[in-house]
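Encoded as structure tokens, the structure appears first; notes follow it.
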Amino acid sequence: MKTFIATSVAVLLIITGWFFLYQLVERQTADFVENLNQLAAVLNVEDWESAARDFKEIRTKWHGTRNTWTIFLHHHEIDNIDLSMARTVQYIETKNKPLSLAEMEALKQLFHIVKENEAVTLTNIL
Numbered sequence: 010m011k012t013f014i015a016t017s018v019a020v021l022l023i024i025t026g027w028f029f030l031y032q033l034v035e036r037q038t039a040d041f042v043e044n045l046n047q048l049a050a051v052l053n054v055e056d057w058e059s060a061a062r063d064f065k066e067i068r069t070k071w072h073g074t075r076n077t078w079t080i081f082l083h084h085h086e087i088d089n090i091d092l093s094m095a096r097t098v099q100y101i102e103t104k105n106k107p108l109s110l111a112e113m114e115a116l117k118q119l120f121h122i123v124k125e126n127e128a129v130t131l132t133n134i135l
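Residue numbers (this note's numbering): 10 to 135.
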């Protein structure tokens, strides 16, 4: 009976932790997507200085978030976001509007994938 209770408590703690982690990831990914949408508006009017400044802020925020996510999430997705951010910086610096906007869409999709992978779904449980 003690084993059953201990196992039940452990499973409950894991599920509770997963729920709180998902809430954190969902909130952070939504924030990044919103920031990228705002940056896209700046890029559409080709305000390159503001775009570079805004993206620098996004990258700074990402480095803090990355440190937290590295503990809990799969590194492959984090690495993909890092690579996409590096490409975006170069596209903004070279003032390449189409590639900048395309890479930001890719970044939004990568954040969506991270959120989706952390969702409590039957697919993720099995």
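For glycine and all other residues, C-beta sits at the position ideal for the given N, C-alpha and C.
| Item | Value |
| --- | --- |
| Spatially closest choice to residue 78 from 47, 37, 14, 66, by CA coordinates | 37 |
| Coarse secondary structure for residue 128, derived from DSSP in three states | coil |
| Residue 63, enclosing alpha helix (DSSP H) - first and last residue | 57-81 |
| Cβ-Cβ distance between residue 42 and residue 121 below 9 Å | yes |
| Endpoints, alpha helix (DSSP H) assigned at residue 97 | 84-102 |
| Residue 123 (DSSP reduced to helix, strand or coil) | helix |
| Span of the alpha helix (DSSP H), counted from its first residue to its last, around residue 53 | 11-53 |
| Beta-carbon spacing of residue 101, residue 60 below 9 Å | yes |
| C-beta atoms of residue 113 and residue 52 nearer than 9 Å | yes |
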